[in-house]
Structure formats: C-alpha cells, structure tokens
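Residue numbers (this note's numbering), protein chains in the order written: chain A, 14 to 306; chain B, 9 to 387.
C-beta atoms are modelled at their ideal positions from N, C-alpha and C, and glycine is treated no differently.
Here the structure is laid out as structure tokens; the discussion comes afterwards.
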Ligand SMILES: Cc1cc2nc3c(=O)[nH]c(=O)nc-3n(C[C@H](O)[C@H](O)[C@H](O)COP(=O)(O)OP(=O)(O)OC[C@H]3O[C@@H](n4cnc5c(N)ncnc54)[C@H](O)[C@@H]3O)c2cc1C
C-alpha cells in the first residue's frame with residue numbers, strides 16, 4: 014500500500030518523446046505570446062496560428078503516450094514560472110501605450126480578454142487552455158501574495174511593521190487559504206490530464222470546479238493584496254498591478270472557456286442532481302479514471 | 009510561500025473499501041438502526057461503535073499486536089469520510105480512534121498500548137480530551153490543573169471544562185502542569201490517562217445551546233493517578249499535545265458538518281430544479297473537491313510520518329468557514345425547493361444551531377489564522 018503513496022505530480026526526471034516535447038514548446042509558446050505581444054494585428058495573427066497549430070496537432074494524439082503526457086508537467090512548470098514573473102505584461106502595456114499610461118476607460122484591453130482569445134474550436138484544446146489558465150492564475154495569485162507578505166514586513170506605521178497587526182495577518186492568512194485551495198484543485202486537474210489525457214470524462218468537471226473556486230479566490234486575493242498595500246499598490250509604478258490585471262484577464266478567459274461562471278456551477282449542480290448526491294458526485298469526480306494509453 | 013499540498017490519488021484498495029462502507033451504511037439504515045443527524049461530536053451510539061470494531065474499522069491503521077489491521081491512513085480516510093458524509097453515530101469512539109489511540113501509539117508505554125489499544129479497537133472503551141479549563145481556552149499553555157508527584161503516582165487538583173462526553177466515556181487524557189513553565193511556557197506540562205469512572209473526581213453536566221448534554225466540567229480534588237498512567241515523559245506534554253493537532257484539524261469532519269443540509273435540499277429539488285439550487289449545489293461540489301484534495305494530502309503526509317500542523321490548521325479554518333457559509337446558502341434556498349421535507353427542516357435547524365461550535369472546537373478560527381500567519385512569516 015505504501016508504494017501507491019507517491020505524489021501524483023512528482024518532480025522526478027521524465028522521459029519525453031517527440032510529441033511531448035512539441036507539445037511542451039507549443040503550450041509555452043502560446044502562453045508566452047498571448048502574454049507579451051502588444052495588442053495589434055500581428056499579435057492576433059500570431060495567436061490564431063498558434064491556436065490553429067494546437068487544433069491541428071490534436072491534443073489527444075499529441076498526448077497519446079504516457080511519456081508525452083508527463084511532458085505536461087514540464088509545460089505546467091514553464092507556464093507557472095512565466096505567470097509568476099509577470100514582467101512581460103507590464104512591458105507590453107508600456108510599449109503599447111508609450112508615454113500615456115493606458116486607462117481602463119480608454120482601452121478595455123488593458124484588463125479584458127481580447128475577443129480572439131476566446132475558445133479555440135477544438136474542444137480538447139479548449140480544455141488544455143483552461144487548465145493552463147488555472148495554472149497561470151494560481152501562480153499570479155501566489156506572486157501577488159508574496160509581494161504583499163514582503164510589503165507588510167517592510168512597511169511601518171505607528172512604529173511597527175504592518176505584519177504585526179492581527180487584522181493584517183488574518184486578511185493575508187485567509188487569502189493564502191484561498192490560494193492553497195485553488196492550487197490543490199488546479200494540481201488535481203493537472204494530475205487528471207497527465208493520467209487520463211485531455212479527453213478524460215472527469216476533466217471538464219474538475220475545470221468547472223476550478224473555474225468557481227479560483228474565480229472566488231481571485232476576489233479574495235485581489236481585495237487583500239491591494240488593501241494591505243495602501244495607495245502604492247494602486248499605481249503603475251509598483252508591480253502589484255501586473256499580477257492583478259493578469260488575474261482579472263485570465264479569470265475572464267477561464268470563465269469564457271467554460272462558457273460562463275454560472276454555467277460551470279449549473280453543470281456541476283446538474284451532475285449532483287443526476288447522481289442524487291452531493292458527496293457521491295465529489296468522490297466520483299475525484300476517483301482516478303483509467304489511464305489513457 | 010511555503011504551503012504545499014501535494015496531490016495524491018487514493019489507492020485502488022481504498023476505493024474498494026468505499027463500496028464496502030457504503031453497503032454497510034445502507035444496510036444499517038435499512039435495518040432502522042439509526043437516523044441521519046448530528047455529527048462526529050454529537051451523535052453518540054456505543055453499540056454502533058462496537059459494530060465498527062467488530063469489522064476491524066476502529067484503530068484500523070494500528071499494528072496487529074495492538075488490535076489494529078495495519079491498513080493505510082488513506083483507507084481510514086475513506087472510512088471516516090463516508091461515515092461522516094452519512095451522519096453516522098460515531099461520537100462515542102471518535103476521539104479514541106482519531107487522537108487518543110495514535111497518541112498512545114506514539115508516546116505511550118508498551119504496557120499502556122497493550123492495555124488500551126485493543127479495547128479501543130473493539131469499541132469497548134471511549135476517551136475524552138481534557139485540555140480546556142475555565143481560564144485556559146485558546147491559551148492552552150496557561151493551564152492551571154496541577155499534578156504533584158507522590159509515592160506510586162500523582163495527585164491532581166484543578167478543573168477541566170468543556171470535556172465532551174466525560175459523563176459517558178471511560179477515560180480522559182488530561183493535560184496538567186507538573187513543573188515550571190519556563191520562558192516558553194511550554195515546559196513542565198504532562199499528560200495523564202485519567203479513569204473517569206474512578207470515584208475521586210467529579211463530572212458535572214453543562215447543557216449546550218441546543219439543549220443537549222455533551223460537554224462537562226471535570227473537577228479534580230487530590231485525585232490519585234498511578235505512575236503507569238503518565239503518558240510519555242513528564243514535562244513533554246506540550247510536544248505531545250501539539251502532535252495531536254494535525255490529526256485533529258485536517259479530517260473530513262472539518263468541512264462536512266453541513267453536508268446533511270445540502271443533501272436534503274438536493275432531495276427536495278423536484279422535477280424542474282431551480283437554477284439557483286443547481287448553481288448552489290455546483291458551488292458546493294466545487295469547494296468540496298478542493299478541500300478534500302487538501303485533506304487527502306495531509307492524510308498522506310501523516311502516513312509518511314510528517315507533522316503538517318500548518319497545513320492542517322489551514323484546512324480547518326477554510327473548511328469550517330465554508331461549512332458555516334453553506335448553512336446560510338441552503339437556508340436562503342428554502343423557497344426554491346419543490347416541497348421542503350421534514351429532513352431538510354430538521355437539518356436546517358440542527359446545522360444553524362450548531363454552526364457556532366464548528367469554528368470554536370478544536371482551535372478557534374482566530375487561533376488558526378494566527379498559525380497560518382506564522383507559517384507565512386508574519387509573526
Ligand atoms: C462543542 C465544543 C466541544 C468542546 N469539547 C472540548 C473537549 O472535549 N475537550 C476540551 O479540552 N475542550 C473542548 N472544547 C473547548 C474548545 O477547545 C475551546 O472552546 C477553544 O479552545 C476556545 O477556548 P475558549 O472557549 O475558552 O475561548 P477563548 O480562548 O476565551 O476565546 C474567546 C474568543 O476570543 C478569541 N481569541 C482568543 N485569543 C485570541 C487572540 N490571541 N487573538 C484574537 N482572538 C483571540 C477566540 O478566537 C474566541 O473567538 C469544546 C468546545 C466546544 C464549543
């Protein structure tokens with residue numbers, strides 16, 4: 014029994030085949046370009062071609078072998094690291110706007126998803142992208158919280174670091190709890206993808222759950238991280254806004270990929286009604302399915 | 009951020025056990041042996057506990073020489089989550105199986121293990137927790153109950169408070185001061201196995217808000233405890249107590265206290281379920297999946313011998329806050345149900361009244377958030 018107690022997403026070195034490597038690059042490329050290019054015609058073009066390539070390759074085929082699926086874990090690592098750094102989005106905004114900082118009124122794309130970042134036609138590609146969004150969102154929430162934790166230790170008011178005030182401690186503790194729940198859920202979906210492939214019957218349910226839990230967690234992190242920062246967090250100068258704007262955009266896109274937050278909730282609710290049980294639905298969605306080999 | 013909940017899949021054997029437990033519960037319900045209701049801390053039925061013992065479902069992870077079955081922590085998790093999700097009457101054995109037994113396994117003497125563990129595993133003896141006192145709640149290190157060394161044992165003086173089921177259980181593990189507190193205040197504490205049926209202590213009832221008698225005041229006056237009932241080393245009590253916390257805080261009982269209400273609402277959905285009910289049920293499923301995967305992670309870490317106290321505290325705060333919020337959600341949905349059943353109304357009344365205790369017992373929300381804050385480097 015002990016043998017089965019290995020973490021599913023182990024960091025062990027993995028063997029990859031060509032398909033897996035291609036997929037890793039593709040996924041990384043898509044997210045990189047989506048995040049860095051200024052919002053112009055070239056960017057749109059680039060996105061389309063990446064999406065077409067994803068759709069053409071077909072995730073089921075690309076992920077047909079266990080080795081290839083393991084490559085998803087690598088892709089996830091790259092996606093997370095990029096989302097955490099968040100530097101590109103800031104550069105992009107600066108490049109796109111020159112001297113005049115973009116305002117939300119003048120340029121909705123500062124935080125909204127562009128239309129062409131909607132759902133790819135290939136259903137499995139949409140699943141993979143939704144999972145990628147979840148990984149990005151968790152990484153960005155973590156980055157926002159890390160900035161906040163650093164800030165409250167450094168910043169003093171009333172002669173004490175902000176971190177010494179219990180109200181501050183609790184508000185960031187709650188945010189960290191929401192992040193931990195989000196990360197657990199995203200990792201569960203990633204483990205499901207690695208094991209069962211994009212066509213897994215339970216993966217859509219796990220992504221619906223993630224859309225809901227992450228969607229709420231973003232509100233909590235967005236609220237707490239800005240509150241503890243005071244006015245400095247509300248500037249273009251201080252880096253918190255990069256993560257915040259990313260979170261808002263990525264949440265919009267995640268929900269769009271699942272056809273709306275309420276649809277995610279209703280689908281899961283319908284599953285429970287059909288199974289005649291809340292708890293039995295939870296255990297069924299979390300029960301590992303057959304390996305897709 | 010140094011929080012990590014590694015993802016574990018339940019082994020196939022554990023999933024097989026789930027089917028077995030669900031059949032057992034269904035058979036018990038068909039036979040009318042108990043009604044759905046209450047939770048791990050309120051629904052007390054020694055006969056049920058003995059039936060679990062007969063199946064090898066108490067102390068199931070312990071070594072065979074002590075009456076255990078040497079099954080995995082994850083199998084125990086499957087058993088307990090199914091029992092809790094069904095509101096089975098587990099309160100009698102709950103503390104002994106979850107916490108007192110593992111404590112004795114870890115710190116008890118060989119003689120203590122042989123004396124107590126097999127009887128716990130058969131469902132014959134039940135344990136209470138004797139930590140809180142009138143002046144020591146969250147600040148547990150301030151306990152004043154004293155144990156003084158005498159010939160052949162210890163003499164205990166003091167009062168324990170909120171001792172759940174001390175009037176029905178056989179033993180309590182009592183935390184008492186045996187020496188100087190030291191600068192950390194964590195020194196000089198010891199744990200004793202106290203026989204609640206012994207004549208020289210008094211168990212006084214306290215009726216709770218719901219009108220039930222669950223907790224008690226336990227008064228010691230020069231009460232004698234023999235040497236062989238000291239648990240572990242004298243003065244090591246604080247370390248021993250904190251080792252119980254990860255078991256106490258991360259299990260399914262910390263996010264399923266409301267489940268009866270959600271299941272009852274689902275049963276009242278009618279032929280054309282309201283979109284609001286469908287949405288609420290979906291949100292419940294989503295958060296439960298997240299909490300359960302964290303809880304499984306902690307169970308697996310415990311199985312590997314780690315002490316994930318921070319992670320366990322985090323789960324308890326998040327889980328109990330969720331439970332309390334859910335009561336409000338399903339109360340508001342009352343008018344969306346086809347016909348609110350008697351079970352829904354009873355579940356609503358029960359969860360509403362008991363909800364305040366969820367974020368108190370086993371460490372208050374404020375204390376848990378403080379532990380998380382420390383883990384995040386803010387204290
Ligand atoms: C149903 C139930 C069953 C129980 N069963 C048992 C049992 O079997 N055995 C046992 O030993 N105990 C038991 N308890 C007691 C439980 O462990 C205590 O209630 C808990 O530890 C809190 O202690 P207290 O009630 O004295 O509250 P206090 O510690 O006095 O706290 C009161 C309030 O102040 C807050 N507070 C305290 N300190 C701080 C701080 N530093 N910063 C911010 N806020 C703070 C608390 O969070 C709480 O909200 C039970 C409690 C309940 C409700």
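Backbone secondary structure at residue i - three-state DSSP
| i | result |
| --- | --- |
| residue 374(A) | It is not possible to answer for residue 374(A), since the shown part of chain A is limited to 14 through 306. |
| residue 200(B) | strand |
| residue 108(A) | In this prediction, residue 108(A) has a pLDDT of 38, which is less than 50 and means its spatial position is unreliable; what the coordinates show is noted afterwards. Correct three-state label for residue 108(A): helix. |
| residue 232(B) | strand |
| residue 161(B) | strand |
| residue 138(B) | strand |
| residue 100(A) | Its pLDDT being 49, under 50, residue 100(A) is placed unreliably in this model, and the coordinates cannot settle the point. |
| residue 124(B) | helix |
| residue 173(A) | strand |
| residue 384(B) | coil |
| residue 66(B) | coil |
| residue 266(B) | coil |
| residue 310(A) | With chain A covering 14 to 306 only, the question about residue 310(A) has no answer from this structure. |
| residue 353(B) | helix |
| residue 10(B) | coil |
| residue 368(B) | coil |
| residue 167(B) | strand |
| residue 213(A) | coil |
| residue 168(A) | coil |
| residue 247(A) | helix |
| residue 172(B) | coil |
| residue 373(B) | helix |
Presumed contact (8 Å Cβ cut-off) between residue i and residue j, rounded CB distance
| i | j | result |
| --- | --- | --- |
| residue 323(B) | residue 365(B) | That pair is no contact at about 18 Å. |
| residue 227(A) | residue 184(A) | At roughly 19 Å, the Cβ-Cβ gap does not stay under 8 Å, so residue 227(A) and residue 184(A) are not in contact. |
| residue 208(A) | residue 301(A) | 6 Å |
| residue 291(A) | residue 274(B) | 6 Å |
| residue 304(B) | residue 18(B) | 7 Å |
| residue 7(A) | residue 140(A) | Residue 7(A) cannot be examined here, being either before or after the span of chain A that is shown, 14 to 306. |
| residue 136(B) | residue 174(B) | 5 Å |
| residue 343(B) | residue 373(B) | Their Cβ separation, rounded to whole angstroms, is 30 Å, which puts residue 343(B) and residue 373(B) out of contact at 8 Å. |
| residue 341(B) | residue 284(B) | 6 Å |
| residue 22(B) | residue 82(B) | 5 Å |
| residue 144(A) | residue 202(A) | 6 Å |
| residue 190(A) | residue 208(B) | Contact flag wrong, Cβ pair sits at about 45 Å. |
| residue 225(A) | residue 278(A) | 6 Å |
Contacting residues, own chain, Cβ-Cβ under 6 Å from residue i (five flanking each side not counted)
| i | result |
| --- | --- |
| residue 210(B) | 227 |
| residue 188(B) | 196 |
| residue 97(B) | 42, 51, 53, 56 |
| residue 371(B) | none |
| residue 165(A) | 175, 176, 181, 241 |
| residue 154(A) | 192, 234 |
| residue 160(A) | 253 |
| residue 45(B) | 95 |
Contacting residues, own chain, Cβ-Cβ under 8 Å from residue i (five flanking each side not counted)
| i | result |
| --- | --- |
| residue 131(B) | 54, 57, 58, 59, 60, 61, 62, 66, 100, 101 |
| residue 260(B) | 85, 88, 89, 92, 93, 300, 303 |
| residue 152(B) | 141, 143, 144, 166, 185 |
| residue 380(B) | 318, 321, 322, 325 |
The beta strand (DSSP E) enclosing residue i, as first and last residue numbers
| i | result |
| --- | --- |
| residue 213(B) | 209-215 |
| residue 305(B) | Looking at the DSSP string, residue 305(B) is not in any beta strand (DSSP E); the run it does join, the alpha helix (DSSP H), is 283-311. |
| residue 185(B) | 179-185 |
Beta-carbon proximity list for residue i, same chain, < 7 Å, skipping 5 on both sides
| i | result |
| --- | --- |
| residue 138(B) | 168, 171, 180, 181, 182, 183, 202, 226 |
| residue 161(B) | 232, 233, 234, 235 |
| residue 110(A) | Bear in mind that the predicted position of residue 110(A) carries a pLDDT of just 38, short of 50, making it too unreliable to give a figure here. |
Residue interval of the alpha helix (DSSP H) (run including residue i)
| i | result |
| --- | --- |
| residue 235(A) | 216-242 |
| residue 194(A) | 179-209 |
| residue 251(A) | Taken as a continuous stretch (DSSP letters only), residue 251(A) belongs to no alpha helix (DSSP H), as it is neither H nor E. |
| residue 110(B) | 109-115 |
| residue 82(B) | 81-93 |
| residue 102(B) | 99-103 |
| residue 255(B) | 245-257 |
| residue 34(B) | 20-38 |
| residue 340(B) | 317-340 |
| residue 346(A) | Missing from the structure shown is residue 346(A); chain A here goes from 14 to 306 and no further. |
- Query: Hey, is the segment 377-386 of chain B in contact with the segment 164-183 of chain A, meaning 3+ C-beta pairs nearer than 8 Å?
  - Reply: Three or more beta-carbon pairs drawn from the segment 377-386 of chain B and the segment 164-183 of chain A are found closer than 8 Å, and the two stretches are therefore classed as touching.
- Query: Do the segment 342-357 of chain B and the segment 261-272 of chain B touch if we need at least three Cβ pairs shorter than 8 Å?
  - Reply: Using a Cβ-Cβ distance cut-off of 8 Å, the segment 342-357 of chain B and the segment 261-272 of chain B are in contact, since at least three pairs of beta carbons, one from each stretch, lie closer than that value.
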